[in-house]
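Peer 1: Before I ask anything, let me first share the structure, which is written out below as structure tokens.
In my numbering, the protein residues as written are 26 to 217.
Here it is, written out as structure tokens:
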């Protein structure tokens, strides 16, 4: 280890511990006043995985018991709200990942809907990114300060970029078609 790293190593350890502990824990004051059912509902309705063990660990340090059964009942109730088909569609279109938290009877349907919606938004983002890259290359190509050998490289890259953009347009068209079919099906079932 270098001397600089040795000096900052304790700081790095503290920062890493704070990051790891900070996201899932409750303060002693929060543990003392927690409504375990409501906290479970909140976690479930946000599609979070079961955090009872994390809450138990942080509250045990303060000597405060966690009502795990009540938390899990609340989380199950929240998951019923989260795992609805319309929410699967919205979560996918927002680009949010799915953590596999839905109960077995709802999981496969949620995954299917979420996957179709996620692919559409991903195809849209990919096309936008490729078009932005192409715009940047075209701008650099038009710049009089760009060297000739760089312009040659840019022309080659633009040729490949045209093909990638066309592929991305086709992928978006397919994903949009799948999404439209899904929405129509959900509408007919009264799910959207």
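Here a beta-carbon is modelled for each residue, glycine too, at the ideal position from N, C-alpha and C.
#1: Going by the beta-carbon positions, is the gap between residue 125 and residue 146 smaller than 8 Å?
#2: If you draw a straight line from the alpha carbon of residue 134 to that of residue 110, how long is it in whole angstroms?
#3: Would residue 80 and residue 95 qualify as a contact pair, given that the criterion is a beta-carbon distance under 8 Å?
#4: Exposed or buried, what is residue 107 when buried is set at 16 or more other beta-carbons lying within 10 Å of its beta-carbon?
#5: Can you tell me which of 188, 86, 136 and 93 puts its alpha carbon nearest to the alpha carbon of residue 76?
#6: Please work out which residues of its chain come closer than 8 Å, Cβ to Cβ, to residue 86, disregarding the five sequence neighbours upstream and downstream, and give them in chain order.
#7: Take every Cβ of the segment 158-165, pair it with every Cβ of the segment 193-209, and state whether three or more of those distances are shorter than 8 Å.
#8: So, under 8 Å CB-CB, residue 138 and residue 207 are touching, yes? Tell me the CB distance rounded to an integer number of Å.
Peer 2: To lay it out plainly:
#1: The sequence position of residue 125 within the chain shown is 100, counting from 1. The sequence position of residue 146 within the chain shown is 121, counting from 1. Not closer than 8 Å, so no.
#2: Position 109 of the chain shown, counted from the first residue, corresponds to residue 134. Position 85 of the chain shown, counted from the first residue, corresponds to residue 110. Each residue's alpha carbon lies about 7 Å from the other.
#3: Taking the first residue of the chain shown as position 1, residue 80 is located at position 55. Taking the first residue of the chain shown as position 1, residue 95 is located at position 70. Going by C-beta atoms, residue 80 is not nearer than 8 Å to residue 95.
#4: Mapped onto the chain shown, residue 107 falls at position 82. Buried, since its Cβ has 16 or more Cβ neighbours within 10 Å.
#5: What you label residue 76 is simply residue 51 of the chain shown in a count that begins at 1. Nearest of 188, 86, 136 and 93 to residue 76, Cα basis: 93.
#6: One-based indexing of the chain shown puts residue 86 at position 61. 53, listed in sequence order.
#7: Under the Cβ criterion (8 Å, minimum of three pairs), the segment 158-165 does not count as touching the segment 193-209.
#8: Translated into the one-based positions of the chain shown, residue 138 becomes position 113. Translated into the one-based positions of the chain shown, residue 207 becomes position 182. Residue 138 to residue 207, Cβ: 6 Å. Contact.
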